[in-house]
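Under the numbering used here, the sequence shown is numbered contiguously, ending at residue 871. From the three backbone atoms N, C-alpha and C, an ideal C-beta is built for every residue, glycine too. It should be emphasised that the depicted structure is a prediction, and the values quoted were computed from it without experimental measurement. Below is one structure, written out as structure tokens; the observations come after it.
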Amino acid sequence: MRRLFWRIFALFWTGTLVLILAIAWSTSYTFENEEIPGLGITRMESVLNDQLRGASRALHAGGIEALREVQRGASDRGITLYVLDANNRDILGNETGPGIAEEVAGAVVDEQGLHSRRTRIRAISLPDGTRYTAVAAYLQSAVLRILTRRPTYFWDQVVIASVISAMFSLILAAYIAAPLSRIRAGARRVAGGDLDARVGALKFGRSAEMLALASEFDGMAARLKELVEGQRRLIRDVSHEMRSPLARQRVALELARAQVQAGDAKLQLDRIERESERL
């Protein structure tokens with residue numbers, strides 16, 4: 593029964609974990625793609641724009657090292673940040689795929705960036721006349737961003753939700769397995785010869801199905817007891833009914849043996865006596 597308990601627990605816990613991840617993904621996806629009133633862009637695009645503005649400020653104020661800090665912060669949020677020179681090479685040393693080059697080649701770069709939900713592009717001009725193209729993009733799927741992004745409070749929430757769901761699954765598994773364990777114990781007692789074994793009333797408002805199963809088991813045990821007791825009564829009655837005639841037959845045989853002297857007749861009477869004793 594322990595195996596059944598842990599199977600039920602694993603089933604419910606896995607289901608709740610999948611539900612938690614599905615809700616997290618759905619909430620994140622809906623939030624990211626929700627349009628901000630008055631701006632005409634989604635929250636995802638707004639976050640990308642913030643990263644582009646941060647890259648522009650870093651280049652103007654601190655150069656490459658400041659830009660690397662911005663890039664690390666963007667990576668923590670699941671955003672890939674490129675700053676391309678005139679030859680479309682990333683000045684931070686990252687490899688750019690063909691998709692990024694195509695985005696830049698066909699982009700209409702303006703102050704707001706390229707109007708794309710997953711990619712934003714911004715032109716950056718330094719005081720010395722150097723021009724760069726900053727690209728911020730969500731290259732990962734929404735599921736991977738949820739699984740890999742930081743800050744860590746997201747995973748803290750997932751761990752807390754997992755622990756709560758585990759406790760709930762344990763209680764639910766015990767709620768389902770307990771009456772089955774009682775029914776199994778009752779079946780073992782009946783199999784061992786205890787025909788008075790009963791499941792009895794189940795506690796904590798069990799479902800109608802469980803109550804019906806327990807009632808059917810108790811009814812089966814009661815009926816089995818009636819059948820066995822009826823069989824025993826029948827055997828006793830038959831034994832009683834046969835005992836008196838057999839006793840009278842033995843008396844008659846003794847009387848006949850006393851009166852008969854012939855050897856053959858005596859042998860036949862002895863045989864009748866043996867058969868009577870066998871009965």
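Would you give the residue range spanned by the beta strand (DSSP E) that residue i belongs to?
| i | result |
| --- | --- |
| L673 | 672-676 |
| R710 | Element bounds for R710: n/a, residue is neither H nor E. |
| Y724 | 723-729 |
With C-beta atoms as the reference, is residue i less than 8 Å away from residue j?
| i | j | result |
| --- | --- | --- |
| A806 | V791 | yes |
| R714 | Y730 | no |
| L673 | A647 | yes |
| L887 | L772 | Outside the shown range of the chain (593 to 871) lies residue 887, about which nothing can therefore be said. |
| A728 | L644 | yes |
| H652 | L718 | yes |
| F809 | I775 | yes |
| V662 | A678 | no |
| A770 | W605 | no |
Nearest by alpha-carbon distance to residue i: which of the options is it?
| i | options | result |
| --- | --- | --- |
| G655 | I716, R681, A813 | I716 |
| D788 | S620, M812, G646, A614 | M812 |
| F760 | V675, R660, L816, I600 | I600 |
| V750 | T606, A616, R828, W605 | A616 |
| L803 | D829, S831, L816, Y767 | Y767 |
| D642 | A658, A666, E626 | A666 |
| I671 | L826, A726, D829 | A726 |
| A779 | S831, D748, A814, T722 | A814 |
| A614 | A658, I763, R681, A753 | A753 |
| Y724 | S831, N686, D682, D748 | D682 |
Would the C-beta of residue i count as close to the ligand MG, meaning under 7 Å from any of its heavy atoms?
| i | result |
| --- | --- |
| L803 | What this structure holds is no ligand at all, so the ligand MG is not there to describe. |
Under DSSP, the alpha helix (DSSP H) around residue i begins and ends at which residues?
| i | result |
| --- | --- |
| V791 | No alpha helix (DSSP H) contains V791, which DSSP labels as neither H nor E. |
| R664 | 655-668 |
Beta-carbon within less than 8 Å of residue i's beta-carbon, same chain only, minus the 5 sequence neighbours each way: which residues are those?
| i | result |
| --- | --- |
| W598 | A765 |
Can you list, in chain order, the residues of its chain whose CB lies under 7 Å from that of residue i, leaving out five sequence neighbours each side?
| i | result |
| --- | --- |
| L603 | none |
| A660 | The identity of residue 660 in the sequence shown is Arg, whereas the question assumes Ala. Once the five neighbours on either side are set aside, the close Cβ partners of R660 are L684. |
Under 6 Å Cβ to Cβ from residue i, same chain only, skipping five residues before and after it: list those, please.
| i | result |
| --- | --- |
| R594 | none |
| Q704 | Any answer about Q704 is weak, because its pLDDT of 46 lies below 50 and its placement is not dependable; what the coordinates show is given next. If we look at Q704 and ignore the five residues flanking it on each side, it has no Cβ neighbours. |
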